[in-house]
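Taking it in order: structure first as structure tokens, then the write-up.
In the numbering used here, the protein residues as written are 3 to 138.
Below you can see the structure in the form of structure tokens.
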């Protein structure tokens, strides 16, 4: 009647490995690459920008790289954003999810060093969150 001791069907279980990647059209990829190139030029040419403006630029470029599934470049840009100015915006959330994805990948590959590395990175992110919420 209630099915407490019955096995669940495989089709009802959600598998971690069935994550579907969103594929972008060629036009969308080209548009994102153009935005990234413009962002790089803006960051490199404008030496009088404040750290807050640079942080926003790096954060936006990191988010665009993440959309293109260029994870390592996205992580680098998002880390540079947090180096310039700590914030808990969309970049923070995306960086945390990218670290978690890298940690999960390392766990599937049984790479203990990478697991420890990304767990430490996630701890740093949590400390940033504590610092920002306690200082407000």
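Every residue, glycine too, gets a C-beta built ideally from N, C-alpha and C.
#1: Residue 105: buried (16+ other C-beta within 10 angstroms of its C-beta) or exposed?
#2: How should residue 59 be labelled, buried or exposed, when 16 other C-beta atoms within 10 angstroms of its C-beta is the threshold for buried?
#3: Below 8 angstroms, can you find three or more Cβ-Cβ pairs linking the region 74-90 to the region 114-121?
#4: Hey, quick one: how far does the alpha helix (DSSP H) through residue 63 stretch, first residue to last?
#5: With distances taken between CB atoms, is the gap from residue 68 to residue 95 smaller than 7 angstroms?
#6: Measure the C-alpha to C-alpha separation of residue 99 and residue 122 and round it to an integer number of angstroms.
#7: Please go through the same chain and pick out, in chain order, the residues whose beta-carbon is closer than 8 angstroms to the beta-carbon of residue 124, but skip the five residues on each side of it.
#8: Below 6 angstroms CB to CB, which residues in the same chain sit around residue 20 once its five sequence neighbours on both sides are set aside?
#9: Could you tell me the distance, in whole angstroms, from the CA atom of residue 1 to the CA atom of residue 66?
#10: Express the C-alpha separation of residue 33 and residue 88 in angstroms, rounding to a whole number.
Taking the coordinates as given:
#1: Per the 10 Å Cβ criterion, buried.
#2: With 16 or more neighbouring CB atoms inside 10 Å of its own CB, residue 59 falls in the buried class.
#3: Too few Cβ pairs lie closer than 8 angstroms, so no.
#4: For residue 63, the enclosing alpha helix (DSSP H) has its first and last residue at 53-69.
#5: No.
#6: Looking at the backbone, the Cα of residue 99 and that of residue 122 are separated by about 14 angstroms.
#7: When the five nearest sequence neighbours on each side are left out, the beta carbons in the same chain lying within less than 8 angstroms of the beta carbon of residue 124 are those of 98, 101, 102, 105, in order along the chain.
#8: Low per-residue confidence applies at residue 20: pLDDT is 39, beneath 50, and the placement is therefore not dependable enough to give any value.
#9: Beyond the ends of the chain as shown, which are 3 and 138, falls residue 1; an answer cannot be given.
#10: Between residue 88 and residue 33, the alpha-carbon positions lie close to 28 angstroms from each other.
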